[in-house]
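Asks:
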Amino acid sequence: MSTTTIDRLRDTELSYRATLAGGALSVFLLIALLGLAFPSSIWGNFLAILTSRSTLSSALRLSVPITFAALGGIFSEKAGVVNIGLEGLLIISAFTAVITTAVVGPEMTVVGLPAIWIGFFAGILSSVLFSALFAVVCIRFKADQIIAGLAVWLIALGLAPFAATVYYGGVNTDNLGTTLGTWTIPVLSDIPFFGAFFDADPAVYMMLVAVPASWYVLNRTAFGRHVRASGENPKALDTVGVDVSRVRYAGVLLSGFLAGIGGSALSLGLGQFVGNNQTMVNGKGFIAIVAYLFGNYNPIGAFGASFLFAGLEAAQIRLQQVPGYAIPDSLIQTIPYVTVLVILALVGRTRIPEAAGEHYDTGDDNR
Amino acid sequence: MSAAENAKAVLRRLTAASATERILISFAALIMAVLVGAVIILVSGRITTCQTAATTLFGTGFCYDPVEVYLVLFNGALGEPFLLNDPALFNPDWNPLNFGFALTLKETTLLIFTGLSVAVSFRAGLFNIGTQGQLVLGGLATALFSFFVAPLLPSGLVGGLILIPLAVVIGALVGGLYGAIPGALKAYADANEVITTIMLNFIAAQIAFVLVSEFFGNPDSQVVETTPIPDWATLLPVAFPQGGDFSILALAFGLALVVAVWFLLEQTSFGYDLRTSGEQPEAAEYGGVDAKRTTVTSMFLSGALGGMGGAIWVLMVMGKWQAGVPALGFDGITVSILAGNNPFGVVPAALLFGTLKSGSLAVQFGTGVPKQLVGVLRGLIILFVAMPEFFRMLGSTIDLEPDRETVATDGGRLGGDDE
Numbered sequence: 001m002s003t004t005t006i007d008r009l010r011d012t013e014l015s016y017r018a019t020l021a022g023g024a025l026s027v028f029l030l031i032a033l034l035g036l037a038f039p040s041s042i043w044g045n046f047l048a049i050l051t052s053r054s055t056l057s058s059a060l061r062l063s064v065p066i067t068f069a070a071l072g073g074i075f076s077e078k079a080g081v082v083n084i085g086l087e088g089l090l091i092i093s094a095f096t097a098v099i100t101t102a103v104v105g106p107e108m109t110v111v112g113l114p115a116i117w118i119g120f121f122a123g124i125l126s127s128v129l130f131s132a133l134f135a136v137v138c139i140r141f142k143a144d145q146i147i148a149g150l151a152v153w154l155i156a157l158g159l160a161p162f163a164a165t166v167y168y169g170g171v172n173t174d175n176l177g178t179t180l181g182t183w184t185i186p187v188l189s190d191i192p193f194f195g196a197f198f199d200a201d202p203a204v205y206m207m208l209v210a211v212p213a214s215w216y217v218l219n220r221t222a223f224g225r226h227v228r229a230s231g232e233n234p235k236a237l238d239t240v241g242v243d244v245s246r247v248r249y250a251g252v253l254l255s256g257f258l259a260g261i262g263g264s265a266l267s268l269g270l271g272q273f274v275g276n277n278q279t280m281v282n283g284k285g286f287i288a289i290v291a292y293l294f295g296n297y298n299p300i301g302a303f304g305a306s307f308l309f310a311g312l313e314a315a316q317i318r319l320q321q322v323p324g325y326a327i328p329d330s331l332i333q334t335i336p337y338v339t340v341l342v343i344l345a346l347v348g349r350t351r352i353p354e355a356a357g358e359h360y361d362t363g364d365d366n367r
Numbered sequence: 001m002s003a004a005e006n007a008k009a010v011l012r013r014l015t016a017a018s019a020t021e022r023i024l025i026s027f028a029a030l031i032m033a034v035l036v037g038a039v040i041i042l043v044s045g046r047i048t049t050c051q052t053a054a055t056t057l058f059g060t061g062f063c064y065d066p067v068e069v070y071l072v073l074f075n076g077a078l079g080e081p082f083l084l085n086d087p088a089l090f091n092p093d094w095n096p097l098n099f100g101f102a103l104t105l106k107e108t109t110l111l112i113f114t115g116l117s118v119a120v121s122f123r124a125g126l127f128n129i130g131t132q133g134q135l136v137l138g139g140l141a142t143a144l145f146s147f148f149v150a151p152l153l154p155s156g157l158v159g160g161l162i163l164i165p166l167a168v169v170i171g172a173l174v175g176g177l178y179g180a181i182p183g184a185l186k187a188y189a190d191a192n193e194v195i196t197t198i199m200l201n202f203i204a205a206q207i208a209f210v211l212v213s214e215f216f217g218n219p220d221s222q223v224v225e226t227t228p229i230p231d232w233a234t235l236l237p238v239a240f241p242q243g244g245d246f247s248i249l250a251l252a253f254g255l256a257l258v259v260a261v262w263f264l265l266e267q268t269s270f271g272y273d274l275r276t277s278g279e280q281p282e283a284a285e286y287g288g289v290d291a292k293r294t295t296v297t298s299m300f301l302s303g304a305l306g307g308m309g310g311a312i313w314v315l316m317v318m319g320k321w322q323a324g325v326p327a328l329g330f331d332g333i334t335v336s337i338l339a340g341n342n343p344f345g346v347v348p349a350a351l352l353f354g355t356l357k358s359g360s361l362a363v364q365f366g367t368g369v370p371k372q373l374v375g376v377l378r379g380l381i382i383l384f385v386a387m388p389e390f391f392r393m394l395g396s397t398i399d400l401e402p403d404r405e406t407v408a409t410d411g412g413r414l415g416g417d418d419e
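For the record, the sequence lines run as chains A and B. Under full-length UniProt numbering, the first sequence has 65 at position 65, and the numbering climbs by one with no breaks. Under full-length UniProt numbering, the second sequence has 260 at position 260, and the numbering climbs by one with no breaks.
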């Protein structure tokens with residue numbers, strides 16, 4: 001592909017994203033205008049929901065699993081392994097976190113660490129182990145990455161309700177009676193609206209650190225350079241003496257680690273794992289993939305997209321509580337999924353890393 | 001012309017080289033999944049609590065015995081032809097037309113439809129994960145159509161002969177149109193079909209729920225479901241027991257469809273275009289295949305097969321549409337992958353997976369191991385089929401298999417091995 005074509009592609013991509021961002025903003029402004037003009041109408045309700053602090057705080061909470069899975073997906077795909085199994089990693093970590101806490105005993109403290117945090121780390125560990133399996137299957141055994149990713153998702157989707165039934169006799173776990181709680185920063189949390197940033201789940205703070213940290217690692221460190229080269233031009237990386245397989249393993253394991261944080265935070269934030277149908281994860285792993293595509297593999301952009309999806313979800317939940325209009329809840333619940341679909345259709349032509357999805361053979365036999 | 005000839009040659013070599021190997025890989029994957037499943041059964045036997053250990057290994061007691069679980073599974077799926085733990089071994093009261101076997105064939109029949117649906121899309125290089133959503137909406141369309149049209153027709157055999165085929169066609173049409181959406185998104189907006197189909201699964205479930213709970217629900221029922229279709233408009237069990245919900249007519253239709261899909265894929269120019277787009281996209285372009293149109297048509301076809309699966313689920317199993325549709329679409333992925341995406345392979349694969357599904361009920365009843373075990377096996381089978389290289393390495397260490405070219409799993413991303 002010649003440089004001009006790439007440039008033109010980038011331009012179109014940029015204009016796509018600009019149009020979308022502009023579109024979102026104008027919708028918001030329109031609602032604000034209508035809401036201010038007719039405060040007692042449904043538009044007034046919309047405005048009140050969008051500007052309420054509790055919507056912001058639940059949007060932040062809901063964006064945690066999506067954002068962490070998206071960050072994980074970026075590292076994996078940038079390294080050249082398309083990780084469609086993020087959903088599975090979220091499911092397995094969400095379940096392991098709860099069951100570990102329950103087995104240790106929710107009230108217990110081991111070496112100064114409350115059980116719930118042991119559960120949190122156990123959830124991350126389970127996700128890392130699963131991603132290690134995925135990595136071996138894809139890199140050592142050269143499996144088709146999409147199919148292996150689907151397998152990871154379906155195994156987790158089967159295993160979590162199975163294990164829950166073995167232990168609890170039903171696909172849902174019992175409620176732990178405890179959650180991760182909230183960390184409140186004095187003074188700052190008193191700020192109206194934006195105070196929600198300082199009165200939040202511990203995982204929200206982790207997310208706010210992880211997003212810039214991921215950007216830094218990816219764009220400003222040697223490791224990040226290797227990851228990007230491993231996905232774009234593995235041969236060049238090999239030529240300068242870096243082991244491509246090793247970088248890819250690191251990328252996939254990192255995706256397991258990050259998705260694990262998201263999954264643990266999701267279930268421990270509620271104190272329960274729900275295993276009905278698509279489990280409590282309910283497509284968040286797939287939404288995460290769209291989030292990082294929309295964010296063009298930039299951790300900050302991916303966070304923005306995740307926050308947009310989570311914000312829609314939060315607004316949707318609040319909208320169900322508004323009486324006096326006749327849109328069925330189930331229809332409102334489709335809003336985030338439809339939005340994801342529309343966005344994917346509009347940014348579909350994202351340029352994925354050149355060598356993503358392909359195996360890389362070093363040529364020597366010590367693989 | 002020459003490009004098309006080239007592509008044809010490539011295709012011929014690909015299929016010839018891989019046919020035996022694929023069957024071997026499917027079997028090996030199945031065995032591996034069963035073995036890993038056994039380990040999972042053992043481990044979960046340590047998590048749960050029981051009065052007496054079912055089995056003891058290395059001085060440790062386990063609540064579940066994997067060998068027993070698998071024996072009960074197959075025995076249950078066949079309607080207990082064997083008396084386990086009895087020297088007589090054979091059950092003198094066994095009748096092939098039994099309830100357990102009817103359940104197995106019911107699952108098999110449904111899985112043939114969803115397996116074919118997935119196979120068609122995978123052969124076209126499209127990962128249609130949306131068979132579930134296509135099945136949900138196709139089934140709903142069938143249920144509503146049958147309910148509203150039934151009063152206009154004479155009841156009885158004549159009405160059934162008119163209504164049932166029409167209802168299946170309606171299901172196929174709706175499923176097909178719903179499948180064409182991600183096809184069009186893929187063709188004209190380059191939107192990844194894995195994600196769009198998964199999103200559309202969620203949307204289909206919600207839309208169907210709203211339609212039934214708000215507009216077309218059964219007013220006499222607490223559950224979200226449509227009013228039942230009259231019996232004469234459903235597929236009633238022939239020969240097999242009533243409760244098994246299995247109609248041999250539906251199975252016959254499924255088998256005819258297998259032949260039809262095979263014919264379409266292998267013997268028509270459309271099938272040739274479809275397969276070439278899946279296996280050699282560049283060659284297909286050079287050969288003059290309209291890639292965009294093929295994508296949309298393939299997805300329509302795949303969705304139509306999924307929608308037919310929904311129609312059969314409604315007409316044969318439920319007699320109405322009810323919320324909480326079983327995950328037949330996801331099982332179809334396993335069936336298709338196990339079958340190497342070959343229409344004829346779908347039949348044994350569906351029978352095998354149908355056996356697992358129906359036997360899991362006997363397992364839950366007989367040994368206490370939850371029936372969700374099948375969900376785990378579903379994923380494990382896909383995982384092992386996806387890594388032929390694993391078995392090749394295994395084979396080469398014990399020096400059975402000569403070196404062969406890597407055969408990529410069908411569907412997209414082909415040519416991934418040559419940089």
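Beta carbons: idealized from backbone N, C-alpha and C, even for Gly. Given the structure is predicted, the values throughout are model-derived calculations rather than measurements.
Measuring CA to CA, which of V338/A, S330/A, P65/A is closest to V210/B?
Replies: Here residue 210/B refers to the residue found at position 210 when the second sequence is read from its first residue. The candidate whose alpha carbon is nearest that of V210/B is S330/A.
Asks: In terms of alpha-carbon separation, which member of F75/A, N45/A, A291/A, T165/A lies closest to W215/A?
Replies: Sequence index remark: in the first sequence, residue 215/A carries index 215 (1-based). That would be F75/A, whose Cα lies nearest to the Cα of W215/A.
Asks: What residues are listed by DSSP as bridge partners for E354/A?
Replies: Locating residue 354/A in the first sequence gives position 354, where the first residue counts as 1. E354/A is not bridged to any residue.
Asks: Span of the beta strand (DSSP E) holding G61/B?
Replies: Against the second sequence, residue 61/B aligns to sequence position 61. Its beta strand (DSSP E) spans residues 60-62.
Asks: When the Cβ atoms of the segment 160-174 of chain B are set against those of the segment 94-109 of chain B, are three or more pairs found closer than 8 Å?
Replies: The segment 160-174 of chain B vs the segment 94-109 of chain B: no contact.
Asks: Fully enclosed by the segment 104-137 of chain A, which alpha helix (DSSP H) runs are 4 residues long or longer?
Replies: 115-135
Asks: Cβ of G73/A within 8 Å of Cβ of Y292/A?
Replies: Along the first sequence, one-based indexing puts residue 73/A at 73. Along the first sequence, one-based indexing puts residue 292/A at 292. Yes, Cβ-Cβ distance for G73/A and Y292/A is below 8 Å.
Asks: Report the residue from H226/A, A160/A, V244/A, I343/A whose alpha carbon sits nearest the alpha carbon of N276/A.
Replies: Looking up residue 276/A in the first sequence gives position 276. Nearest C-alpha to N276/A: A160/A.
Asks: Whole angstroms is fine: what's the gap from G119/A's alpha carbon to T109/A's?
Replies: As a position in the first sequence, residue 119/A is number 119, starting the count at 1. As a position in the first sequence, residue 109/A is number 109, starting the count at 1. So the two alpha carbons sit approximately 11 Å from each other.
Asks: So what does DSSP say about F193/A, is it helix, strand or coil?
Replies: Within the first sequence, the letter at position 193 stands for residue 193/A. In this structure, F193/A counts as coil in the three-state DSSP scheme.
Asks: Indicate whether the contact test is met: 3 or more Cβ pairs, each with one atom in the segment 193-207 of chain B and one in the segment 333-340 of chain A, closer than 8 Å.
Replies: yes
Asks: Give the secondary structure of A200/A by DSSP, where H, G and I count as helix, E and B as strand, and everything else as coil.
Replies: One-based indexing of the first sequence puts residue 200/A at position 200. Three-state result, A200/A: strand.
Asks: Could you check where the beta strand (DSSP E) with T142/B kicks off and where it finishes?
Replies: What you label residue 142/B is simply residue 142 of the second sequence in a count that begins at 1. T142/B -> not in any beta strand (DSSP E); alpha helix (DSSP H) instead, spanning 131-149.
Asks: Do I289/A and the ligand NAD come close, with the Cβ less than 7 Å from some heavy atom?
Replies: Summarising the ligand content, the structure contains no ligands, and the ligand NAD is consequently not present.
Asks: By DSSP, does F90/B sit in helix, in strand, or in coil?
Replies: If you number the second sequence from 1, residue 90/B lands on position 90. F90/B falls in the strand class under three-state DSSP.
Asks: Which residues of chain A have a Cβ atom closer than 8 Å to the Cβ of M318/B, listed in chain order?
Replies: In the second sequence, residue 318/B corresponds to position 318, counting from 1. In chain order: nothing, as chain A lies at least about 18 Å away.
Asks: With G263/A and L89/A assumed to form a contact (beta carbons below 8 Å), what rounded beta-carbon distance in angstroms separates them?
Replies: Here residue 263/A is taken as the residue at index 263 of the first sequence, counted from 1. Here residue 89/A is taken as the residue at index 89 of the first sequence, counted from 1. Going by Cβ atoms, the distance from G263/A to L89/A rounds to 7 Å, so yes, they are a contact pair.
Asks: Note down the Cα distance separating L14/B from P281/B, rounded to an integer number of angstroms.
Replies: Position 14 of the second sequence, counted from the first residue, corresponds to residue 14/B. Position 281 of the second sequence, counted from the first residue, corresponds to residue 281/B. Caution applies to L14/B, whose pLDDT of 47 falls short of 50 and renders its modelled position unreliable; the value that the coordinates give is listed next. Pairing L14/B with P281/B, the inter-Cα distance amounts to about 14 Å.
Asks: Identify whether F390/B lies in helix, strand or coil by the three-state DSSP scheme.
Replies: Residue mapping note: residue 390/B aligns to position 390 of the second sequence, counting from 1. Helix at F390/B.
Asks: Is it buried or exposed for Y188/B, if we count other Cβ within 10 angstroms and need 16 for buried?
Replies: On the second sequence, position 188 is the one that residue 188/B refers to. Classification for Y188/B: exposed.
Asks: Let's see if you can read the secondary structure: which residues bound the alpha helix (DSSP H) around T56/B?
Replies: One-based indexing of the second sequence puts residue 56/B at position 56. Unbroken run through T56/B is the beta strand (DSSP E), 55-57; no alpha helix (DSSP H).
Asks: Between I6/A and chain B, is there a C-beta pair that is closer than 8 Å?
Replies: Taking the first sequence and counting its residues from 1, the one referred to as residue 6/A is at position 6. At I6/A, the pLDDT of 49 sits below 50, so the modelled position is not reliable and the matter cannot be decided from this model.
Asks: Three or more beta-carbon pairs under 8 Å between the segment 191-210 of chain A and the segment 66-80 of chain B, yes or no?
Replies: At 8 Å Cβ cutoff, the stretches do not touch.
Asks: Express the C-alpha separation of I207/B and G133/B in angstroms, rounding to a whole number.
Replies: Position 133 of the second sequence, counted from the first residue, corresponds to residue 133/B. Position 207 of the second sequence, counted from the first residue, corresponds to residue 207/B. For G133/B and I207/B, the distance between alpha carbons rounds to 10 Å.
Asks: Check whether the segment 33-43 of chain B and the segment 321-339 of chain B are in contact - that is, three or more C-beta pairs closer than 8 Å.
Replies: Too few Cβ pairs lie closer than 8 Å, so no.
Asks: Provide the residue(s) that pair with W183/A in DSSP beta bridges, ordered along the chain.
Replies: Here the question's residue 183/A lines up with position 183 in the first sequence. According to DSSP, W183/A bridges with A200/A.
Asks: Find the residues of chain B that neighbour V137/A, judging by a C-beta separation of less than 8 Å, and give them in chain order.
Replies: Along the first sequence, one-based indexing puts residue 137/A at 137. Residues of chain B passing the Cβ test: L383, A386, M387, F390.
Asks: Along chain A, in chain order, which residues have C-beta atoms closer than 8 Å to that of L185/B?
Replies: As a position in the second sequence, residue 185/B is number 185, starting the count at 1. When 8 Å is used as the limit between beta carbons, L185/B is near these residues of chain A: L341, L344, A345, G348, in chain order.
Asks: Mind checking I195/B: buried by the 16 CB within 10 Å criterion, or exposed?
Replies: The residue you call residue 195/B lines up with position 195 of the second sequence. Burial call: buried.
Asks: What does T96/A reach in chain B if we use C-beta pairs closer than 8 Å?
Replies: In the first sequence, the residue the question calls residue 96/A occupies position 96. Chain B residues near T96/A: none, gap ~13 Å exceeds 8 Å.
Asks: Using a beta-carbon distance below 8 Å, is P328/A in contact with chain B?
Replies: Here the question's residue 328/A lines up with position 328 in the first sequence. Yes, P328/A lies at the interface with chain B (some Cβ there is under 8 Å from its Cβ).
Asks: Just verifying my parser: in three-state terms, what is the DSSP assignment at I198/B?
Replies: Locating residue 198/B in the second sequence gives position 198, where the first residue counts as 1. Under the three-state reduction of DSSP, I198/B is assigned to helix.
Asks: Please identify the residue among A102/A, N83/A, V240/A whose C-alpha is closest to the C-alpha of A122/A.
Replies: For the purposes of this step, residue 122/A is identified with residue 122 of the first sequence, where counting begins at 1. A122/A has its Cα closest to that of A102/A, out of A102/A, N83/A, V240/A.
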